[in-house]
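Below is one structure, written out as structure tokens; the observations come after it.
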Amino acid sequence: MTTAAPTQEIRKYELMVIFSGDLSEADLEKEIDELRKTLKEDTQGVTYEDSWGKRDLAYKIKRQSRGYYVVFNFAATPHAILELRSGVKLNHHILRHLLVSVGDDYEPGRQDKDLTRLDESMERRPRIPSASSSERKVEMVKEAAAKKVLVEEEAEEKQKKKPVLAGKEEEDQLKTVEKRLEKILENPDIDIR
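The opening position of the sequence shown corresponds to residue 11 in this note's numbering, with each subsequent residue numbered one higher.
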């Protein structure tokens, strides 16, 4: 009985590569052409390619602070991906790479279209005129004055709500306080002089 080798499923992938920022334009083109050639040989062909140009890196990679970003979209078998990965890892001009499998419904560059649509919808919206800074300051001063008036009114209301002691009750409280003070002063442990 003979067993046939299973056919591997072709999947879509996206490869982002960061080339060294020290490369000249000619060397960069040469490296991109080599990578493009490898992709064409090992995969079903490049369906989308986008060069983002030279950009600052968030942190240094292999002592480099800048790099050239290039994105490729293609279809390939998982076996071809293994070979591609090893080739990318061995290229000393590539600082970093990211290879991801994307869904069948993935459209390269769709984000650019979405952003363009968002920009267009923002332009169509009626703009609300903003107040000038002096008008905002006047409003802030008015609000602060209104808050101050409210605080003062609340303080007055609290004063009004305090119970007023009748004359006799006040006298009784004063006598109680005087008696306590006399007891404190009679204490031999306390020396006032």
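Ideal placement from N, C-alpha and C gives every residue a C-beta, glycine not left out.
Just so it is clear, the structure is predicted and the values come from calculations on it, not from any experiment.
Reduced DSSP category for threonine 48 - H, G, I as helix; E, B as strand; rest coil: If you number the sequence shown from 1, residue 48 lands on position 38. Under the three-state reduction of DSSP, threonine 48 is assigned to helix.
Inspect the beta-carbon positions of threonine 53 and tyrosine 23 and report whether they are closer than 9 Å. Taking the sequence shown and counting its residues from 1, one reaches residue 53 at position 43. Taking the sequence shown and counting its residues from 1, one reaches residue 23 at position 13. Yes; because the gap between Cβ atoms is below 9 Å, this pair is in contact.
Please give the ranges of any alpha helix (DSSP H) in the region 66-131, keeping only runs that are unbroken, at least 4 residues long and fully inside the region. The region 66-131 contains these whole alpha helix (DSSP H) runs: 88-100.
What's the gap between the Cα of leucine 67 and the Cα of glutamate 39? As a position in the sequence shown, residue 67 is number 57, starting the count at 1. As a position in the sequence shown, residue 39 is number 29, starting the count at 1. Annotation: leucine 67 to glutamate 39 spans about 20 Å, alpha carbon to alpha carbon.
How many Å lie between valine 56 and valine 112 at the Cα? As a first step, residue 56 must be located in the sequence shown, where it is residue number 46. As a first step, residue 112 must be located in the sequence shown, where it is residue number 102. Rounded to whole angstroms, the gap between the alpha carbons of valine 56 and valine 112 is 14 Å.
Using 9 Å as the threshold, is the C-beta distance between histidine 107 and isoleucine 42 below it? Counting from 1 along the sequence shown, the entry for residue 107 is found at position 97. Counting from 1 along the sequence shown, the entry for residue 42 is found at position 32. 9 Å or more divides the Cβ of histidine 107 from the Cβ of isoleucine 42.
Among Val110, Val80 and Ser30, which one has its Cα closest to the Cα of isoleucine 91? Walking along the sequence shown from the start, residue 91 turns up at place 81. Of the listed residues, the one whose Cα sits closest to isoleucine 91 is Val110.
Just how far apart, CA to CA, sit serine 30 and serine 143? As a first step, residue 30 must be located in the sequence shown, where it is residue number 20. As a first step, residue 143 must be located in the sequence shown, where it is residue number 133. So the two alpha carbons sit approximately 47 Å from each other.
Where does the unbroken beta strand (DSSP E) through leucine 25 begin, and where does it stop? Translated into the one-based positions of the sequence shown, residue 25 becomes position 15. If you look at leucine 25, you'll find it in the beta strand (DSSP E) that goes 21-30.
Of all the options Lys152, Ala154 and Gln74, which has the alpha carbon lying nearest to the alpha carbon of histidine 103? Taking the first residue of the sequence shown as position 1, residue 103 is located at position 93. When each option's Cα is compared against that of histidine 103, the closest is Gln74.
Own chain, CB closer than 8 Å to alanine 14, minus 5 neighbours either side, in chain order: The sequence position of residue 14 within the sequence shown is 4, counting from 1. Caution applies to alanine 14, whose pLDDT of 47 falls short of 50 and renders its modelled position unreliable; the value that the coordinates give is listed next. Closer than 8 Å at the Cβ level, and outside the excluded window around alanine 14, lies no residue.
Would you give the residue range spanned by the alpha helix (DSSP H) that leucine 33 belongs to? Walking along the sequence shown from the start, residue 33 turns up at place 23. First-last for leucine 33: undefined, no H or E at that position.
Measure the alpha-carbon distance for lysine 249 versus glutamate 35 and round it to whole angstroms. This structure leaves residue 249 out entirely; the chain is present only between 11 and 203.
Where asparagine 197 falls, given that 16 or more other Cβ within 10 Å makes a residue buried: Along the sequence shown, one-based indexing puts residue 197 at 187. When all chains shown are included, asparagine 197 counts as exposed.
Three-state secondary structure (DSSP) of aspartate 182: One-based indexing of the sequence shown puts residue 182 at position 172. Correct three-state label for aspartate 182: helix.
Would you tell me roughly how many angstroms separate the C-alpha atoms of arginine 46 and threonine 126, rounded to the nearest one? Looking up residue 46 in the sequence shown gives position 36. Looking up residue 126 in the sequence shown gives position 116. The straight-line gap from Cα to Cα measures roughly 29 Å.
Looking only at its own chain, which residues have a Cβ that is under 6 Å from the Cβ of methionine 11, when we skip the five neighbours before and after it? Within the sequence shown, residue 11 is the residue found at index 1, counting from 1. Below a pLDDT of 50, predicted positions are generally treated as unreliable, and methionine 11, at 46, falls in that range; the measurement from the model is reported next regardless. Once the five neighbours on either side are set aside, methionine 11 has no close Cβ partner at all.
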